[in-house]
Amino acid sequence: MDENLKLAGDWLRQHGLNEADATPVLATRLDVRRRAKLFNSLLLAGLYIAAAAAQAVILTFSPDTPAFVALLAVVAGGLLAGQFMVDRWVRSVDRQVGATLSRRAAHPLHPGWRALFGPAHALLGLGAFAGAAALAVSALVVSDPTVRYTALVLVIGVFAVGAMVAVQVRHLVMRPVVADDAMSLTADVIMRIEDARDTNTPAVLWSLPVVLMFGFAPMWWGVASVVFLVAGTAALVLVQYKAPSSGVMARRVVRVR
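Numbering (the working numbering), first residue to last: 878 to 1134.
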């Protein structure tokens, strides 16, 4: 716990909350989020591995293997269930530590997804999903059966990522406010905004088309996937440079409320 308290103190200073105390409640919440972030990364890695394995089976044995595509859909459903359980665990810990507070901040704060993501990050995530979905669906009309079945794998992967993000956003909006003063209220909103930005995984959506289909899809499709990847990366750099920090956004939300 001493190490967690030290990390909590570092986190407060990093976000300009120098007057706030590093409490066991904050330390516990930050520790749970670090673990949840690791689990989420493992789930996304599992999706990558499952999609790549399905593609390898299709290319090695036969393109006419809908059973493997159906199996990938089942695996994606299992990963989505795992994502749901991780987010439910974080909410449960928030409720437990919130119940230990002697008082709760008297503040009608319950920011929605727009306030948590901000316009730039929201557009970045929606654009990444729309672009990846368009690439995946466009490959379904190609006459080559190998490309079509691999496109089905890509469709499942893209929509699985979208569903996982939707589950995380739902839990973010529903999480209870855990705060007993103005400082801890600001810290609570900062955590929500950071969690929201962590759920926004455009890099996965940019790279999935290139990883799964580049090299044997039609030339026009390969060029489009590379342009999508490069444009998305440039947009991410611009958003990270221009968008306000989580601390600035949190203070705006608290001040408006």
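Idealized CB from N, CA, C, for every residue including glycine.
Distance between residue j and residue i (C-alpha atoms, nearest Å)
| i | j | result |
| --- | --- | --- |
| Ala-1127 | Ala-1064 | 8 Å |
| Leu-884 | Ala-904 | 7 Å |
| Ala-1056 | Val-1087 | 44 Å |
| Val-934 | Phe-945 | 8 Å |
| Ala-1040 | Trp-888 | 30 Å |
| Phe-1144 | His-892 | Outside the displayed range of the chain (878 to 1134) lies residue 1144, so it cannot be described from this structure. |
| Ala-1059 | Pro-988 | 16 Å |
| Thr-937 | Val-1035 | 23 Å |
| Leu-978 | Gly-886 | 19 Å |
| Asn-917 | Ala-953 | 13 Å |
| Arg-1129 | Ala-1111 | 27 Å |
| Lys-1119 | Leu-882 | 32 Å |
| Val-951 | Ala-1108 | 32 Å |
| Val-1125 | Leu-894 | 11 Å |
| Leu-1029 | His-1048 | 29 Å |
| Val-1018 | Val-1116 | 34 Å |
Whole-number beta carbon distance between residue j and residue i, since they are thought to touch under 8 Å
| i | j | result |
| --- | --- | --- |
| Val-974 | Val-902 | 5 Å |
| Leu-1089 | Thr-1027 | 6 Å |
| Asp-1072 | Arg-906 | Rounded, the Cβ-Cβ distance is 10 Å, inconsistent with contact. |
| Leu-924 | Val-1050 | With a Cβ gap of about 23 Å, Leu-924 and Val-1050 do not count as contacting. |
| Ala-927 | Leu-949 | 6 Å |
Cβ neighbour criterion (16 or more within 10 Å) applied to residue i
| i | result |
| --- | --- |
| Pro-996 | exposed |
| Pro-1121 | exposed |
| Ile-1033 | buried |
| Leu-1106 | buried |
| Gly-955 | exposed |
Beta carbon of residue i nearer than 8 Å to that of residue j
| i | j | result |
| --- | --- | --- |
| Val-1042 | Gly-1002 | yes |
| Leu-1062 | Val-1114 | no |
| Gln-960 | Leu-915 | no |
| Val-1046 | Thr-1076 | yes |
| Leu-1000 | Ala-1013 | no |
| Ala-1094 | Ala-1016 | yes |
| Trp-963 | Ala-913 | The question names Trp, but residue 963 is Val in the sequence shown. Contact flag set, yes. |
| His-998 | Arg-890 | no |
| Arg-1025 | Asp-971 | no |
| Ile-1135 | Ser-1123 | Only positions 878 to 1134 of the chain appear in the structure, and residue 1135 is not among them; the question remains open. |
Residue-chain proximity (residue i, chain B), Cβ-Cβ < 8 Å
| i | result |
| --- | --- |
| Val-1131 | Going by chain labels, chain B is absent from the structure shown, which holds only one protein chain. |
Do three or more CB pairs link the segment 1005-1025 to the segment 1066-1085 at distances below 8 Å? Touching, yes, given that three or more Cβ pairs across the two stretches are closer than 8 Å.
If you pair each beta-carbon of the segment 1099-1107 with each one of the segment 1058-1077, do three or more pairs fall below 8 Å? Contact annotation: the segment 1099-1107 does not touch the segment 1058-1077, with fewer than three C-beta pairs closer than 8 Å.
I'd like to know if the segment 991-1007 and the segment 891-898 are in contact, where contact means that at least 3 CB-CB pairs between them fall below 8 Å. Counting Cβ pairs under 8 Å, fewer than three are found: no touch.
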